[in-house]
Amino acid sequence: MEFKVNETKIENSFTIAALIVFSIAVVAIVVAVLLFIVLPIIGIVLSGVLALVLVILTPILFWLVIPIVMLSIIGWCFGKLIK
(Lines of atoms letter the chains of each structure in order from A and count residues from 1; the text may use other names and numbers.)
(Lines give C-alpha, C1' and ligand atoms only; values in the text may rest on other atoms or scores of the structure.)
Protein backbone atom coordinates (compact mmCIF):
# COMPACT_ATOMS: atom_id res chain seq x y z
CA MET A 1 0.00 0.00 0.00
CA GLU A 2 1.28 3.46 -0.90
CA PHE A 3 0.27 6.77 0.60
CA LYS A 4 1.40 10.31 -0.33
CA VAL A 5 1.70 13.17 2.14
CA ASN A 6 3.23 16.44 0.90
CA GLU A 7 4.70 14.67 -2.14
CA THR A 8 6.39 12.12 0.15
CA LYS A 9 5.66 8.47 -0.44
CA ILE A 10 4.81 6.50 2.68
CA GLU A 11 4.92 2.75 2.18
CA ASN A 12 5.02 1.48 5.76
CA SER A 13 1.54 0.25 6.68
CA PHE A 14 2.16 0.97 10.40
CA THR A 15 2.93 4.61 9.54
CA ILE A 16 -0.20 4.85 7.39
CA ALA A 17 -2.32 3.45 10.22
CA ALA A 18 -0.69 5.86 12.69
CA LEU A 19 -1.46 8.81 10.39
CA ILE A 20 -5.10 7.73 10.07
CA VAL A 21 -5.47 7.28 13.83
CA PHE A 22 -3.81 10.66 14.44
CA SER A 23 -6.15 12.42 12.00
CA ILE A 24 -9.19 10.79 13.61
CA ALA A 25 -7.89 11.88 17.03
CA VAL A 26 -7.51 15.48 15.83
CA VAL A 27 -11.09 15.49 14.53
CA ALA A 28 -12.28 13.98 17.83
CA ILE A 29 -10.46 16.69 19.81
CA VAL A 30 -12.10 19.44 17.73
CA VAL A 31 -15.54 17.88 18.22
CA ALA A 32 -14.93 17.48 21.96
CA VAL A 33 -13.85 21.11 22.30
CA LEU A 34 -16.97 22.24 20.47
CA LEU A 35 -19.31 20.05 22.50
CA PHE A 36 -17.84 20.45 25.96
CA ILE A 37 -16.37 23.97 25.93
CA VAL A 38 -17.93 26.18 23.26
CA LEU A 39 -21.57 25.06 23.51
CA PRO A 40 -21.79 25.36 27.32
CA ILE A 41 -20.24 28.84 27.15
CA ILE A 42 -22.83 29.85 24.55
CA GLY A 43 -25.58 28.40 26.78
CA ILE A 44 -24.32 30.25 29.85
CA VAL A 45 -24.11 33.54 27.97
CA LEU A 46 -27.57 33.14 26.43
CA SER A 47 -29.19 32.20 29.74
CA GLY A 48 -27.45 35.12 31.44
CA VAL A 49 -28.68 37.55 28.80
CA LEU A 50 -32.20 36.10 29.03
CA ALA A 51 -32.16 36.42 32.81
CA LEU A 52 -31.00 40.04 32.60
CA VAL A 53 -33.70 40.85 30.06
CA LEU A 54 -36.35 39.28 32.30
CA VAL A 55 -35.01 41.05 35.40
CA ILE A 56 -35.05 44.39 33.60
CA LEU A 57 -38.32 44.03 31.67
CA THR A 58 -40.48 42.39 34.35
CA PRO A 59 -40.55 45.39 36.74
CA ILE A 60 -41.17 47.75 33.84
CA LEU A 61 -44.05 45.55 32.71
CA PHE A 62 -45.54 45.20 36.20
CA TRP A 63 -45.15 48.82 37.30
CA LEU A 64 -45.75 50.78 34.09
CA VAL A 65 -47.60 48.79 31.45
CA ILE A 66 -50.09 46.68 33.43
CA PRO A 67 -51.51 49.61 35.49
CA ILE A 68 -52.08 51.63 32.31
CA VAL A 69 -53.81 48.67 30.67
CA MET A 70 -55.95 48.05 33.77
CA LEU A 71 -56.91 51.72 34.02
CA SER A 72 -57.82 51.74 30.34
CA ILE A 73 -60.01 48.64 30.78
CA ILE A 74 -61.70 50.12 33.86
CA GLY A 75 -62.22 53.44 32.08
CA TRP A 76 -63.68 51.69 29.03
CA CYS A 77 -66.08 49.57 31.14
CA PHE A 78 -67.26 52.33 33.47
CA GLY A 79 -67.22 54.93 30.71
CA LYS A 80 -69.92 52.95 28.90
CA LEU A 81 -71.93 52.66 32.13
CA ILE A 82 -71.66 56.38 33.01
CA LYS A 83 -72.66 57.59 29.54
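Residue 57 in this note's numbering sits at position 13 of the sequence shown, with consecutive numbering throughout. Note that the Cβ used here is the ideal one computed from N, Cα and C, for glycine as well.
One thing to note: Phe47 has its Cβ within 8 Å of the Cβ of Ile60. In the structure shown, Lys127 falls within a coil segment according to DSSP collapsed to helix, strand and coil. For the alpha helix (DSSP H) assignment, the uninterrupted runs of no fewer than 4 residues enclosed by the stretch 48-119 are, from N- to C-terminal side, 57-77 and 83-104.
The alpha-carbon of Ile73 is positioned some 46 Å away from that of Ile104.
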